[in-house]
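Worksheet for the structure shown next.
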Amino acid sequence: MGLFSRLFGGKEKVVKEVSIEPVEYKGFHIYQDPIAEAGQYRVAGRIEKEIDGEIKSHRFIRSDVVSNKDDANELMLKKAQMFVDQMGEGIFS
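Read left to right, the sequence shown gives residues 41 to 133 (the working numbering).
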């Protein structure tokens, strides 16, 4: 049935937009946004900070893959905090 529905205009996928609440850490905002891959989740998100009136953003994608979304969010937060501790505002250069 899948072949015929694709050929003859089956249902379109509905994309849900999810609002992500940031975690504030040392003046930076960390957005946890894992990427679903083959039944697992890749650790990903972004780090943002307002510098001189401009919002700077750094996309953060790791090679780490875990079995559930909550673990991916927790690991993302820990790795992003460590990255902020090591690099500070140098993240954006």
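Positions of the beta carbon are idealized from the N, C-alpha and C atoms, including for glycine. As the structure is a prediction and not an experimental result, all values here were calculated from the model.
Secondary structure of Ala76 (DSSP, three-state): strand. Rounded to whole angstroms, the Cβ separation of Ala84 and Met122 is 15 Å, and the two are not in contact under 8 Å. The Cβ atoms of Arg86 and Asp73 sit closer than 8 Å to each other. Each residue's CA atom was taken as its position, placing Asp110 and Glu94 some 31 Å apart. Here Gly85 carries a strand assignment [DSSP, helix/strand/coil].
As DSSP reads the structure, Lys109 sits in no beta bridge.
Put simply, the backbone Cα of Ala120 is about 7 Å away from that of Ile70.
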